[in-house]
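Protein chains in written order, with this note's numbering: chain H, 2 to 243; chain D, 200 to 267.
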C-alpha cells in the first residue's frame with residue numbers, strides 16, 4: 002500500500018467517525034429541541050432556559066466608539082448579572098425587556114461577548130437553527146469528501162460524479178460561510194431588540210475572517226471541479242485511445 | 200466519426216478471430232472491440248503498425264475516410 006493510499010484510508014476513517022458523531026449530534030439536537038418545545042405542555046412546568054453567546058461590537062456596525070468614562074452597572078428584576086472582570090471595559094448596562102431573557106455582557110475593547118439565557122421558544126428555535134444548519138452543511142461536505150476518497154482509492158478519481166461532488170462541496174462551503182454568520186447576526190439583533198442598553202450603542206458583530214475563509218475554500222473547490230471536468234475529458238480520450 | 204476502421208474485412212480475408220488478433224497485437228480484446236466498432240478516438244502508431252504486421256496489410260487497407 003502506497004503512502005497516499007494509506008493517507009486516503011485514514012482520512013476516510015476520520016470522515017466516517019465524524020459523520021457518525023455528527024449524525025448522533027443531529028439526532029440529539031432534534032430530540033432536545035422537541036423536548037424543550039413540548040415539555041411545558043407535557044409537564045405543565047415553565048419552559049427550560051437555553052443559553053448562548055453572541056458577539057457584540059460597541060458602536061454602529063463599521064464605526065466603533067472610543068470608551069466613555071464612568072462605569073455603571075445596574076441589574077434589573079430579570080437580569081442575572083454574571084459579570085466577570087471587565088478588561089478595559091466599556092460601561093454597559095443591560096436591562097431585559099423580555100422576562101424570559103437573562104443577559105450578561107462582557108466587553109474587552111470594542112468587541113465583546115454577551116452570554117444570555119432565554120425561555121422564548123422562537124429564540125430557542127433560532128439558536129438551534131444556528132447550530133443545526135451549519136452542522137448539516139458540514140456533514141454534507143464530509144459525506145461528499147468520503148465518497149470522493151472511495152472513488153479515488155478505487156483508481157477512478159476522474160469520474161463525472163467527483164466533479165459534481167466538488168461543485169457541491171464548493172456551494173456547501175459558501176453556504177456555511179453565509180448561513181452561520183447570518184444566523185449569529187440575526188440572533189444578536191433579536192437579543193439586542195429585547196434588551197435596553199444604557200451606555201454606548203451596541204450592534205451584532207460578525208467576524209468576516211470565517212466567512213472569508215469559507216469563500217476562499219469554496220472558490221478553490223469550484224475551480225477544482227472545473228479542472229476535474231477537464232480531467233474527465235482527458236481520461237475519456239485516453240481510455241478511447243487504442 | 201469520419202475515419203472508419205475496416206477490421207472486419209481484414210479479419211475475414213486473413214481468416215483470423217478478433218481474440219487471436221488481440222493476442223498477437225498485444226492489446227486487450229476490449230480495446231480491439233472499441234476499434235472495430237469505430238468508437239476509438241485515437242490510435243497509436245505502434246498499435247497501427249502491429250495491426251498491419253499481423254494482418255499483412257497497409258494502413259490504407261485498414262483506415263478509410265468517409266466524408267459526411
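From the three backbone atoms N, C-alpha and C, an ideal C-beta is built for every residue, glycine too.
Please read all numbers here as calculations on a predicted model, not as lab measurements.
Could you name the residues of the same chain whose beta carbon sits closer than 6 Å to that of residue i, not counting the 5 residues immediately before and after it, in chain order?
{"i": "residue 207/H", "result": "182 and 186"}
{"i": "residue 213/D", "result": "254"}
{"i": "residue 223/D", "result": "253"}
Return helix, strand or coil for residue i, following the three-state DSSP convention.
{"i": "residue 202/H", "result": "coil"}
{"i": "residue 51/H", "result": "strand"}
{"i": "residue 253/D", "result": "helix"}
{"i": "residue 4/H", "result": "helix"}
{"i": "residue 243/H", "result": "coil"}
{"i": "residue 266/D", "result": "coil"}
{"i": "residue 201/D", "result": "coil"}
{"i": "residue 113/H", "result": "strand"}
{"i": "residue 19/H", "result": "helix"}
Is the shortest distance between the beta-carbon of residue i and the beta-carbons of chain H less than 8 Å?
{"i": "residue 210/D", "result": "no"}
{"i": "residue 236/D", "result": "no"}
{"i": "residue 241/D", "result": "yes"}
{"i": "residue 205/D", "result": "no"}
Under 8 Å between C-beta atoms, does residue i make it to chain D?
{"i": "residue 235/H", "result": "no"}
{"i": "residue 241/H", "result": "yes"}
What does a CB cutoff of less than 8 Å around residue i pick up in its chain, not counting 5 residues either side in sequence?
{"i": "residue 13/H", "result": "147, 150, 151 and 154"}
{"i": "residue 37/H", "result": "48, 49, 51, 122 and 125"}
{"i": "residue 15/H", "result": "none"}
{"i": "residue 235/H", "result": "159"}
{"i": "residue 220/H", "result": "171"}
{"i": "residue 54/H", "result": "114, 115, 116 and 117"}
Take residue i and list the residues in its own chain whose beta-carbon comes closer than 7 Å to its own, dropping the five residues that flank it on each side.
{"i": "residue 19/H", "result": "143"}
{"i": "residue 168/H", "result": "223 and 226"}
{"i": "residue 21/H", "result": "none"}
{"i": "residue 220/D", "result": "210, 231 and 253"}
{"i": "residue 41/H", "result": "47 and 48"}
{"i": "residue 161/H", "result": "233"}
{"i": "residue 78/H", "result": "For residue 78/H, the predicted structure reports a pLDDT of 44, less than 50, and the residue's modelled location is therefore unreliable. A value from the coordinates is still provided. Here the set comprises nothing."}
{"i": "residue 163/H", "result": "149, 152 and 229"}
{"i": "residue 112/H", "result": "56, 58 and 206"}
Near-chain H residues of the segment 219-233 of chain D - C-beta to any C-beta below 9 Å: 226, 230, 231 and 233
What are the complete alpha helix (DSSP H) segments, minimum 4 residues, inside the segment 155-214 of chain H? 161-194
Taking only runs of the beta strand (DSSP E) that begin and end inside the segment 207-262 of chain D, which ones reach a length of at least 3 residues, in chain order? none
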